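Residue numbers (our numbering): 7 to 506. To keep things clear, I will list the structure first and then write my remarks on it.
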Amino acid sequence: MNYQECISTIKELNRKFRYYKSIESLFEYDQWSALPDEGAAYRQETAAFIGDGKNALYRGEDARRSAAYLSGVSPDEIEDDVERGLIRTFRFRYRNAVMTPEDTLRSYNMIKADCMKAWNQARAAKDYGIFMPWLKRAFELKKEIARAIDPDVPAFETLVGMTDEGLSVKEVSEQFDILKKGLRALLHKISVSGQADTQEAGPIPDSDPEQMAAFAQSLARELGYRPERGGFNDRVVHGFTSFMGPRDARVSTYRSGSYNLIFTCLHEAGHAMYSCSSSERMVEAGMWGGIEGGFHEANARFFENMVGHSHAYWEYYYPRLQEEIPMFRQISLQQFYDMTHQVKPSLRRISSDEVTYSLHAILRFELERDYFAGELKAEDMAEAWNDKYETYLGIRPSNDTEGVLQDMHWAGDYIGYFQSYALGNIYDGQILDAMKKDIPDMEARLARGDVRSISQWMEEKIWQYGCCYTADEMIRKLTGKGLDAEPFLRYLEQIYLPQK
Ligand SMILES: [Zn+2]
Numbered sequence: 007m008n009y010q011e012c013i014s015t016i017k018e019l020n021r022k023f024r025y026y027k028s029i030e031s032l033f034e035y036d037q038w039s040a041l042p043d044e045g046a047a048y049r050q051e052t053a054a055f056i057g058d059g060k061n062a063l064y065r066g067e068d069a070r071r072s073a074a075y076l077s078g079v080s081p082d083e084i085e086d087d088v089e090r091g092l093i094r095t096f097r098f099r100y101r102n103a104v105m106t107p108e109d110t111l112r113s114y115n116m117i118k119a120d121c122m123k124a125w126n127q128a129r130a131a132k133d134y135g136i137f138m139p140w141l142k143r144a145f146e147l148k149k150e151i152a153r154a155i156d157p158d159v160p161a162f163e164t165l166v167g168m169t170d171e172g173l174s175v176k177e178v179s180e181q182f183d184i185l186k187k188g189l190r191a192l193l194h195k196i197s198v199s200g201q202a203d204t205q206e207a208g209p210i211p212d213s214d215p216e217q218m219a220a221f222a223q224s225l226a227r228e229l230g231y232r233p234e235r236g237g238f239n240d241r242v243v244h245g246f247t248s249f250m251g252p253r254d255a256r257v258s259t260y261r262s263g264s265y266n267l268i269f270t271c272l273h274e275a276g277h278a279m280y281s282c283s284s285s286e287r288m289v290e291a292g293m294w295g296g297i298e299g300g301f302h303e304a305n306a307r308f309f310e311n312m313v314g315h316s317h318a319y320w321e322y323y324y325p326r327l328q329e330e331i332p333m334f335r336q337i338s339l340q341q342f343y344d345m346t347h348q349v350k351p352s353l354r355r356i357s358s359d360e361v362t363y364s365l366h367a368i369l370r371f372e373l374e375r376d377y378f379a380g381e382l383k384a385e386d387m388a389e390a391w392n393d394k395y396e397t398y399l400g401i402r403p404s405n406d407t408e409g410v411l412q413d414m415h416w417a418g419d420y421i422g423y424f425q426s427y428a429l430g431n432i433y434d435g436q437i438l439d440a441m442k443k444d445i446p447d448m449e450a451r452l453a454r455g456d457v458r459s460i461s462q463w464m465e466e467k468i469w470q471y472g473c474c475y476t477a478d479e480m481i482r483k484l485t486g487k488g489l490d491a492e493p494f495l496r497y498l499e500q501i502y503l504p505q506k
């Protein structure tokens, strides 16, 4: 095998891997929106078959020969960025496929359904004790798998790397400490300035779901989410985006008359546009879709928060909201802005505000980190969770369902995942700084409805590269610096503290 043969081989493997992933996306989309109860068992069999086929790609002879050839190649020798990305991705998947102990993986897959069932039962009974043995089993199996994949590093390092490739737990912890400290100081300043009280303007009543969906979807389209590349389905409980193909990303949302639907649509449109705007070269190499984990989240949260929560954006769009949904004529732009910028520590991550959101993610990351370091036992998880809420947010869950049983992640194979939510915010602060250097009149543009210059900047600087770079490489390419929490903190201070 020579270099060119190796590149063609791993490109072909990569493309096939993506075909499998697209089928899995289609299954997931269907599972949450249309799959009937009695179809579930056969679907599970079919999904397992597809999953086996996907994993077998990297256990085959082509992969083995490519890995042998590449063992003598250092990434620094590769001049072409796409080829370097292909090699990195290949090595990552090859390692995961050949090092994962099949027995342990099978044991883990066997308990998945029971884990989810126990979590649901525990939630109904508000009793963590019902879920605890399953959480312990799931965490222990994950630990075994992670240790086998890379015996040289602690298990949690490998698990975090599966979601946010290339980031170390140490680096994440350091930036989270800075963010945590900054956020708690900011929360204190906000409460002292009395802003939280004056903003207690009360909830915005719900409107007609049809009208709200039409308005929210029109905003997503104006950002640049094209109907030829996707579409909306409002039959699910939480918003998510399915990456079906390089030019096909479907947005699923809940059906609701709440204004929150607007922010959900902007968020998901961010994911969707990112995933289907890779260049032809990336598509051809199977490197489309964007960098997974915190960086993808950053691209979604950017449109939800930096754009969708900005005053300038609503200066243009609020009159249209008032025209299309008459109820908003009773609420002024300033009142709407204040209502959508209320800062109030709460127990629920998904409905929390922009300031406290990262703290919810950070504390979950810390609990996982402490567990895998052997410093926290599964038996003590609920209590540790409540203590963290009290320390970081000043409130304590009154039962386990409000607390440790809140998210489906640990029951649903998302272990080592929570850091990505807070990382998304950190990257956003850095992306905003870089964008403002190129588009200094960004606010004036937003105020006249020019949202496309933002999407175009994203496409040119980030989206076209698909998943060719790691998040760390991408953020350095954009800003010249690695992960840095300071810009996000500065952004929040500007928005949430009265400016002198
Ligand atoms: Zn998201």
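Glycine included, every Cβ here is placed at the ideal spot set by N, Cα and C. Just so we're clear, the structure is a prediction, and the values are computed from it rather than from any experiment.
Contacting residues, own chain, Cβ-Cβ under 6 Å from residue i (five flanking each side not counted)
i, result
"residue 351", "362, 399, 400 and 401"
"residue 12", "72 and 75"
"residue 451", "459"
"residue 218", "263 and 267"
"residue 188", "495"
"residue 114", "147"
"residue 384", "138, 141 and 142"
"residue 226", "271 and 275"
Residue i to residue j span [Cα, whole Å]
i, j, result
"residue 204", "residue 84", "Because the pLDDT at residue 204 is just 48, under 50, the model does not fix this residue reliably, and the point stays unresolved."
"residue 78", "residue 97", "12 Å"
"residue 146", "residue 54", "22 Å"
"residue 142", "residue 494", "35 Å"
"residue 302", "residue 210", "30 Å"
"residue 202", "residue 348", "Caution applies to residue 202, whose pLDDT of 48 falls short of 50 and renders its modelled position unreliable; the value that the coordinates give is listed next. So the two alpha carbons sit approximately 7 Å from each other."
"residue 488", "residue 306", "20 Å"
"residue 29", "residue 36", "11 Å"
"residue 325", "residue 339", "8 Å"
"residue 181", "residue 364", "12 Å"
"residue 238", "residue 503", "36 Å"
"residue 39", "residue 244", "11 Å"
"residue 376", "residue 236", "41 Å"
"residue 430", "residue 300", "5 Å"
"residue 520", "residue 343", "Since the first residue shown for the chain is 7 and the last is 506, residue 520 is missing from the structure and cannot be characterised."
"residue 42", "residue 49", "10 Å"
"residue 256", "residue 298", "17 Å"
"residue 374", "residue 149", "11 Å"
"residue 118", "residue 70", "30 Å"
"residue 3", "residue 102", "Only positions 7 to 506 of the chain appear in the structure, and residue 3 is not among them; the question remains open."
"residue 105", "residue 156", "8 Å"
"residue 22", "residue 56", "12 Å"
"residue 120", "residue 252", "34 Å"
"residue 4", "residue 67", "With the chain running from 7 to 506 in the structure shown, residue 4 is simply not present."
"residue 19", "residue 475", "18 Å"
"residue 270", "residue 14", "40 Å"
"residue 381", "residue 92", "38 Å"
"residue 420", "residue 232", "30 Å"
Residue i: CB within 6 Å of a non-hydrogen atom of ligand 1
i, result
"residue 360", "no"
"residue 222", "no"
Identity of the residues DSSP links to residue i by a beta bridge
i, result
"residue 238", "257"
"residue 251", "254"
"residue 246", "258"
CB contact below 7 Å: residue i versus chain C
i, result
"residue 211", "Looking at the structure shown, chain C is missing, and only one protein chain is on hand."
Own chain residues within Cβ distance below 7 Å of residue i, not counting five before or after
i, result
"residue 176", "none"
"residue 358", "352 and 366"
"residue 199", "503 and 504"
"residue 388", "134, 406, 409 and 410"
"residue 308", "276, 434 and 437"
Own chain, CB closer than 8 Å to residue i, minus 5 neighbours either side, in chain order
i, result
"residue 220", "330"
"residue 178", "166, 170, 371, 425, 429 and 489"
"residue 496", "435"
"residue 258", "35, 38, 39, 238, 239, 240, 241, 242, 245, 246, 247, 248 and 274"
"residue 322", "452, 453, 454 and 455"
Checklist entry - When a residue counts only if its C-beta is closer than 6 Å to some heavy atom of ligand 1, which residues count, in chain order? => result 273, 277, 303 and 306
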